[in-house]
DNA sequence: TATCCGACAGGAA
DNA sequence: TTCCTGTCGGATA
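In the UniProt record's numbering, the protein residues as written are 1 to 895.
If you want it as structure tokens, here you go:
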């Protein structure tokens, strides 16, 4: 059973409506088996002893009554043990006028005239095996409307294939006009159900004349009443709408019986309940087929939009209002200011940010009117709202949604003040432009006139350097003026660069929701030097949070919010763990510290063994084996033993997982080729590499028996897992023997130097790593170029090196005494064994003594110290090209 | 030859 | 479903 069938069945119940069979018809409509219904009807399945009542285990409690208070009744039933022990999913009571129902699983309730049951078909969908849990926090009206539009869209599309961009645009415009009409007839812009009724009574049921009818109707809506001639009443009854929505001639699509019916069905929804802010995104997802799987996965939730709007401008306006209260002159000035504010979303989608911002401004305006006892009308002009959107349909919807928002706010205004402007004709909102924001001149979209107060906001698209298509690559290259550095930049950085340019030296600020990548690791050095070259600063930031909205498939990404303004001596804030913390500066890492940027470097900043990335198989998985696979081959071909090596990456090392790889030295190639299962795997590697789209990988098809990149040396080594949970106080490192292959998800130092182990294991290093490393989501993503090579280390005497070894061995000893546990368990911050913790603490102190005699008191102090050292080392390298000796530095300062 | 990261990915609870 | 935590390999220097 699909939704459409259920709806049709429900409509059939109503005509003619039969009290006796109602409940059975209802169950049948949701696809319950006829045989069960029959048994229920005959009493076999009915667990209730009371006449008239029906209890169907797990499914239903039903009680028809006359003249009783239904609400009281249903509350009693809800609490009745005799009912609940059968665990019915739904409780339904009705006097055949009103129907009340409770969904006992979700606690949703239904309270409707029984004849409207078809409208609320979704309530009982769990009977048909369809749960509504995924929409629980979503406004059901939005979801329903989006689903209905999807159905209508599919029907129309069937008979009106769109091939050219013009045809697509045509259909997009048509749909936004329809949406407007549906909304208008439910919210008092038109007469109640005027549009839907007109269609159902004035067009043929086979849909044949609907196209012509709509074309005529839309012309009427674009014609002022005074200019209309000889129109039949059913057309003339429609008001003049204008506002650009019906201005251009776009032919309506052709209709069939089915698509006409789908249109009428859509009209029958209660459109007045929809939220244009979120609804727009859902509709957009429905219409853009590639997004349909993840219905609205990229729309920004209202709470997150508020996180942008409030610090960007709303808090300030609210404060201004509070302090102006009682001072009419100041209040009027504030009104003037609000009326002139421009809002600009250069990636506006279906307009969520603009709509929420618009609504908030209208609400503030209402509060001011109240404080002034003003009799004025709203003067916040949709013309001050600007947007750029790549997707044509979204951009149509954005314009439409702004109108809907305006109308909803006018209604709110009417409730409060008893007066409002007429809804029609619509005013111009010509400012949502379709285009690629990275290529459009923003000032052409949102003109910057002397004195204008402009806020730029939004949630531009994020694409890492490896997932951009060639167009996007070009966009990025242009944003970075062709500088080489652009090649690792995220797509969103284009918006940051353009916005920074836009606001510089203007009365303007911007804030975006962004991927957290741009404020981490490698990317900081790519983007932020360019931004800070201008006279702008970060004035607020939200620390990383996981992306979430109410869509079925949320996008998998971790976000931040960053706000920038021209340099000013006003407070700055970091929002962290629900706290708002005032800080003196916010740097490119979103930390309260100087604008230092740690660039990756190929070699260590002071003498120390090189750290390199492990060996990368790039093999399609064919060179890598589970212990079982390895044993199977070995048991048949004992000679294969020499070809296997243990393979250790982050996961294997931290979680103690055993994994093997085929590691064939040139001498062993003959053996390998003599073993059929190995031979097969080598062939598979060849296939994988030759068919890869990466040119470098194709090249490695010449050596299919080997890892593509072989960092391994036959020496003992230190392993540095690349990715590690941020919850741990220490990233666990370890020594590896010369046989073990370290994979590309870990780094390695080809030397078992205890003093290096000591330094990288120290708290000082951890603090440094947490500050500078890239992240996988919020995990630590260690890198040699950033974390290790830049880490300021003092020069050490041999004695010092040796004395550090003692502390390292103590740590290994402590780990060994819990050898049954994995490192993940040992380094779980909540369960770390005291002995291990103490061993690490002792090592921390020993390492810190190598830097200075005075102990550190906090991680902040450690970090500040390290950054100062880092700066000195960089400075020294630049000026003298010599290496820095840490021991002497602090004493020099004292003198 | 060596990297750094992913509007993620995949197993555990 | 929610929580937790790290693979694999592309693209480019």
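For each residue, glycine too, the CB sits at the ideal point set by N, CA and C.
Residues that residue i bridges to, as DSSP identifies them
i	result
residue 578	Residue 578 is not bridged to any residue.
residue 611	749
residue 358	Answer is none; residue 358 lacks a bridge partner.
residue 781	723 and 774
residue 528	Looking at the DSSP assignment, residue 528 forms no beta bridge with any residue, so it has no partner.
residue 566	536
residue 103	90
residue 559	515 and 545
residue 717	736
residue 755	In DSSP, residue 755 forms no bridge with anything.
residue 433	388
residue 624	661
residue 685	Paired residue(s): none; residue 685 is not in a bridge.
residue 56	60
Residue i to residue j span [Cα, whole Å]
i	j	result
residue 192	residue 113	18 Å
residue 137	residue 168	Note that residue 137 scores 47 on pLDDT, short of 50, meaning its location in the model is unreliable; the coordinates nonetheless yield the value given after this. The straight-line gap from Cα to Cα measures roughly 32 Å.
residue 111	residue 509	47 Å
residue 601	residue 783	10 Å
residue 66	residue 96	8 Å
residue 84	residue 270	33 Å
residue 135	residue 807	Model confidence at residue 135 stands at a pLDDT of 33, short of 50, so the residue's coordinates are unreliable and nothing is read from them.
residue 745	residue 534	38 Å
residue 825	residue 628	25 Å
residue 512	residue 388	14 Å
residue 313	residue 459	17 Å
residue 890	residue 850	Residue confidence for residue 890 is low, a pLDDT of 36 falling below 50, so the modelled location carries little weight; the figure read from the coordinates is stated next. Their Cα atoms are separated by approximately 12 Å.
residue 687	residue 523	34 Å
residue 128	residue 30	5 Å
residue 464	residue 662	32 Å
residue 456	residue 345	6 Å
residue 879	residue 301	51 Å
residue 447	residue 257	48 Å
residue 336	residue 378	11 Å
residue 103	residue 61	11 Å
residue 504	residue 561	19 Å
residue 440	residue 431	13 Å
residue 747	residue 723	10 Å
residue 768	residue 589	12 Å
residue 294	residue 659	Confidence in residue 294 is poor, its pLDDT being 41 and thus under 50, which makes the residue's placement too unreliable to answer from.
residue 650	residue 771	20 Å
Delimiting residues of the alpha helix (DSSP H) encompassing residue i
i	result
residue 212	210–221
residue 696	695–699
residue 176	165–186
residue 82	81–84
residue 835	834–851
residue 442	442–445
residue 234	233–236
residue 267	257–267
residue 39	34–42
N-terminal and C-terminal residue of the beta strand (DSSP E) that residue i is part of
i	result
residue 127	Element bounds for residue 127: n/a, residue is neither H nor E.
residue 63	60–64
residue 647	644–648
Nearest-angstrom beta carbon gap, residue j and residue i [assumed within contact, 8 Å]
i	j	result
residue 741	residue 712	5 Å
residue 518	residue 490	6 Å
residue 405	residue 355	5 Å
residue 689	residue 680	That pair is no contact at about 15 Å.
residue 396	residue 173	6 Å
residue 243	residue 425	6 Å
residue 611	residue 749	5 Å
Heavy atom of the ligand SAM within 6 Å of residue i beta-carbon
i	result
residue 86	Questions concerning the ligand SAM fall outside what the structure shown contains, since it holds no ligand whatsoever.
Checklist entry - Can you give, in chain order, each stretch of the alpha helix (DSSP H) that sits fully within the stretch 378–419 and has at least 4 residues? => result Every alpha helix (DSSP H) stretch that sits fully inside the stretch 378–419 and reaches 4 residues is listed by chain position as 392–417.
Next on the checklist: Which complete alpha helix (DSSP H) runs does the stretch 779–826 hold, if anything under 4 residues is left out?
Outcome noted: Residue ranges of uninterrupted alpha helix (DSSP H) with 4 or more members, entirely inside the stretch 779–826 and ordered along the chain, are 798–816 and 823–826.
Checklist entry - Along the chain, which unbroken stretches of the alpha helix (DSSP H) at least 4 residues long are found entirely within the stretch 650–681? => result Within the stretch 650–681, the complete alpha helix (DSSP H) segments of 4 residues or longer fall at 650–655 and 669–673, listed in chain order.
Next on the checklist: Which runs of the alpha helix (DSSP H) at least 4 residues long sit entirely within the stretch 286–354? Give them in chain order.
Outcome noted: Entirely contained in the stretch 286–354, the alpha helix (DSSP H) runs reaching 4 residues are, in chain order, 289–292, 302–309, 315–324 and 328–340.
Checklist entry - Of all the alpha helix (DSSP H) runs that stay within the bounds of the stretch 438–483, which reach a length of 4 or more residues? => result At a cut-off of 4 residues, the continuous stretches assigned as alpha helix (DSSP H) that sit fully inside the stretch 438–483 are 442–445 and 470–479.
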